[in-house]
Structure formats: structure tokens, C-alpha cells
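In what follows, a single structure is set out as C-alpha cells and then discussed.
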Amino acid sequence: MLKPFSTKWPFLFKLRMFFGLIIITLVLILLYFKIVPFGLITYSRSWPLSYQLGQGFIGDFRSSTRIDLNVPQSNKMVLDQVYFLLFTPRRFDQTTITIQYLDKLRSDTPLIELGILKNKLTDSYDFQAILNNTNESNGYKTARATFDLSNADRSSGSYTFTIFVPGLSKQVNLGDQASLADQTDLVDKIVLVGQDDLANHIDIKNYLEIKKITINLKGKTLWQKIWEL
Amino acid sequence: MAKNLGIIIQEFFYFCFSALLLAIILEIFFSKIILVYFNINYLVALVFISGFVLLIKK
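From first to last, the protein sequence lines are chains A and B. Mapping to the working numbering: the first sequence position 74 is 74, numbers consecutive. Mapping to the working numbering: the second sequence position 39 is 1039, numbers consecutive.
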């Protein structure tokens, strides 16, 4: 008998309300992930990279001469050491970083270290050796390290992480002209001057292939922040 | 129905344009708040497409 009130609303009003609600909901979701009110969040990235609409929180590996240049957005670390940035919308106090990787390292370079940039001016890092890695059935290994973020550098909203394999080097196959010894400097020079013919002779036998990086972050909750004010 | 379709296209254009403005304002105040999830260029393209459709329709 009595029609609901909403049926009397004009079509234009309903449509505007629908689109308005979408915008308000999106803004609220974005602000939630900006504030992270419960202080806990996880960011992860897998390789090969699936299609993503935005930049993502975890950046590509740098520098370009230390990764396999033949693969775009490569996850193959061929020289030590590589860096990657983690963008966070706010500060956090602690992080646990988990990396899943394929170990194709020489037996004399077994040590893998994870680090976080503490001071950009002095270029000082807090390093942790990954020793207790877990082997998985598919050949990949998983390793975990925990860092204190309270004194970590967060320039432009990003923390800088590094993966360090002491002694990892590319090998140059130049026949009789050079041996297959550790020739990191030579390889760097070849790549930097862009000598493609020589660059093609670089053998990538030893590398560290990162499959997935998962970063759990823990910080103050919104209520703790309000309480401190 | 044709009348409603015209309204829908017009309102969709307004929606995309206001979302774009809001995204730019949010980016100015909170850097990368949207860019990490979504490339704003897609929204610009959507504004152009819906704008052109609206112009043709009118």
C-alpha cells in the first residue's frame, strides 16, 4: 500500500548517490590503508610479475648491472649487492622480511645477508645473515629476518633493503684471453660501457633468484598514537 | 531508456572527473597513496573516453 520512500527518488538522484557512495567508499579504504589503524600490515611481491595496475609497494631490484639484464624486471641477482625499496604509507617499528629464493650459488659463497639502510649519509646498514633457511620441495628456500625500524632511514616514504651475497660475481667467457675467475670489476666495466659483444660472453652460472618477498610490518596502533599526543 | 542512457553517460563522466580530481588532491597531500594501487593515467583515459562519448551523444 505504502511504497517505500526510496522508490520516489528520481533516477538521477539514485544514480548520483550510487556513484557518490563508490567514491566515498574508495576514499575510506585508501585512508584506512594510509593510516593502518591496527598497526599491522603485510606487503608482498612475487616474480614473475603478474599484471598490476599501480606501482606496488616493493620496487624493482637495483642496480641494473647487478641483475640479469636479459630479463625485464629481473629477479636474478648476479652480482652483490642488490637493493630494493619498500614504500610504506606511514612509519613502522618492526619488520619481518621473508624471502623465497632459488640458490644457484657457488659452494664458496654460501652466505646470504639481508640488510636495511640505517643512515643514508653514512651509507650504514643493519645486516643479518640468513643461516636458518628452510628447504622446500620445489627447490626453493625460505629465509626470514627481523629488523628494528625505529632508526631506519625512510627517505621519500621508502625503506631501503639490500640483499648481500659476499663474493658473488659474474664470469666472463673470453676464451684464452681471460680466465673464468672472479672478474667482477671487468664485467661491470663491460656492461657500463655498453659493449654488447663482450656482454654476451658473460656466463651467468651463479645467481640468486628471488621468487617472492613478503614483508610483515608492525607499528603503533592509531589508539596508541592518539594516547601519546 | 535512451533518455536514461544519456543521463548514465553524463553521470559516469562526472563520476570519473570528480574521482580524478579527488585522486590528484589526495596525491598532493599524501604522496603515492593512490599510485601504489592504481595508475591515475587510466582514470584520465576514462575521463577522455566518457567525455567524447558524452559530446557525441549530445
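Each residue gets a CB set at the ideal place from its N, CA and C atoms; glycine is no exception. All values reported here derive from a predicted model rather than from experimental measurement.
{"Query": "Starting from threonine 25 of chain A and walking both ways along the alpha helix (DSSP H), at which residues does that stretch end?", "Result": "11–35"}
{"Query": "Find the nearest neighbour of threonine 42 of chain A within the set A/Gln224, A/Leu217, A/Leu222, judged by alpha-carbon distance.", "Result": "A/Leu217"}
{"Query": "Considering leucine 1054 of chain B, what are the terminal residues of the alpha helix (DSSP H) in which it resides?", "Result": "1040–1057"}
{"Query": "Against chain A, does asparagine 1004 of chain B count as a neighbour if the rule is that its beta carbon must be under 8 Å from one of theirs?", "Result": "yes"}
{"Query": "Pull up the distance between the alpha-carbon of leucine 180 of chain A and that of threonine 88 of chain A, whole angstroms please.", "Result": "A caution first: leucine 180 of chain A carries a pLDDT of 45, below 50, which makes its placement in the model unreliable, though a value can still be read off. About 42 Å."}
{"Query": "Distance check for alanine 1023 of chain B and isoleucine 1008 of chain B, CA to CA, integer angstroms please.", "Result": "22 Å"}
{"Query": "Can you tell me whether glutamine 100 of chain A sits near the ligand NAD, meaning its C-beta is under 7 Å from at least one heavy atom of the ligand?", "Result": "As far as ligands go, the structure on display features none, and thus does not contain the ligand NAD."}
{"Query": "Determine, for isoleucine 23 of chain A, whether the minimum Cβ-Cβ distance to residues of chain B falls below 8 Å.", "Result": "yes"}
{"Query": "List the whole-angstrom C-beta distance separating arginine 90 of chain A from valine 36 of chain A, where the pair is believed to meet the contact cut-off of C-beta under 8 Å.", "Result": "6 Å"}
{"Query": "Comparing alpha-carbon positions, which option in A/Arg154, A/Ile210, A/Gly157 lies nearest leucine 102 of chain A?", "Result": "A/Ile210"}
{"Query": "Is any beta-carbon of chain B found at less than 8 Å from that of glutamine 55 of chain A?", "Result": "yes"}
{"Query": "How big is the Cα-Cα spacing for leucine 1021 of chain B and lysine 220 of chain A?", "Result": "32 Å"}
{"Query": "Please report the Cβ distance between phenylalanine 1038 of chain B and leucine 53 of chain A, rounded to the nearest whole angstrom; I am assuming they are in contact, meaning their Cβ atoms lie under 8 Å.", "Result": "5 Å"}
{"Query": "If you measure beta-carbon to beta-carbon, which residues of the region 1011–1023 of chain B are closer than 7 Å to chain A?", "Result": "Glu1011, Phe1015, Ser1018, Ala1019, Leu1022"}
{"Query": "Tell whether a beta-carbon distance below 8 Å holds between glutamine 255 of chain A and leucine 149 of chain A.", "Result": "Look at the range of chain A in this structure, 1 to 229, and you will see that residue 255 of chain A is not part of it."}
{"Query": "Check each candidate in A/Leu49, A/Gly56, A/Arg144, A/Ile130 and name the one with the smallest Cα separation from phenylalanine 164 of chain A.", "Result": "A/Ile130"}
{"Query": "Looking only at its own chain, which residues have a Cβ that is under 6 Å from the Cβ of phenylalanine 127 of chain A, when we skip the five neighbours before and after it?", "Result": "Glu113, Gly115"}
{"Query": "Write down the C-beta distance between isoleucine 1034 of chain B and isoleucine 1025 of chain B rounded to the nearest angstrom, noting that I regard them as a contact closer than 8 Å.", "Result": "Going by Cβ atoms, the distance from isoleucine 1034 of chain B to isoleucine 1025 of chain B rounds to 10 Å, so no, they are not a contact pair."}
{"Query": "Determine the DSSP secondary structure at lysine 225 of chain A, reduced to helix, strand or coil.", "Result": "helix"}
{"Query": "Within the continuous beta strand (DSSP E) that includes phenylalanine 161 of chain A, where are the two ends?", "Result": "158–164"}
{"Query": "Since lysine 34 of chain A meets chain C, which of its residues come closer than 8 Å, beta carbon to beta carbon?", "Result": "Judged by its chain identifiers, the structure shown contains no chain C, and its protein chains are A and B."}
{"Query": "State yes or no: is the beta carbon of aspartate 182 of chain A nearer than 8 Å to at least one beta carbon in chain B?", "Result": "In this prediction, aspartate 182 of chain A scores a pLDDT of 47, lower than 50, which makes its location untrustworthy; the coordinate-derived value is nonetheless stated afterwards. With 8 Å as the cut-off, aspartate 182 of chain A does not count as an interface residue toward chain B."}
{"Query": "Is alanine 143 of chain A helix, strand or coil when you go by DSSP?", "Result": "strand"}
{"Query": "Find the residues of chain A that neighbour valine 1044 of chain B, judging by a C-beta separation of less than 7 Å, and give them in chain order.", "Result": "In chain order: nothing, as chain A lies at least about 14 Å away."}
{"Query": "Going by C-alpha distance, which of B/Glu1027, B/Ala1019, B/Phe1029, B/Ile1056 is nearest alanine 1045 of chain B?", "Result": "B/Ala1019"}
{"Query": "So who's on the other strand from valine 82 of chain A, going by DSSP bridges?", "Result": "A/Ile163"}
{"Query": "Would you call glycine 20 of chain A buried or exposed, if buried means 16 or more other Cβ atoms sit within 10 Å of its Cβ?", "Result": "exposed"}
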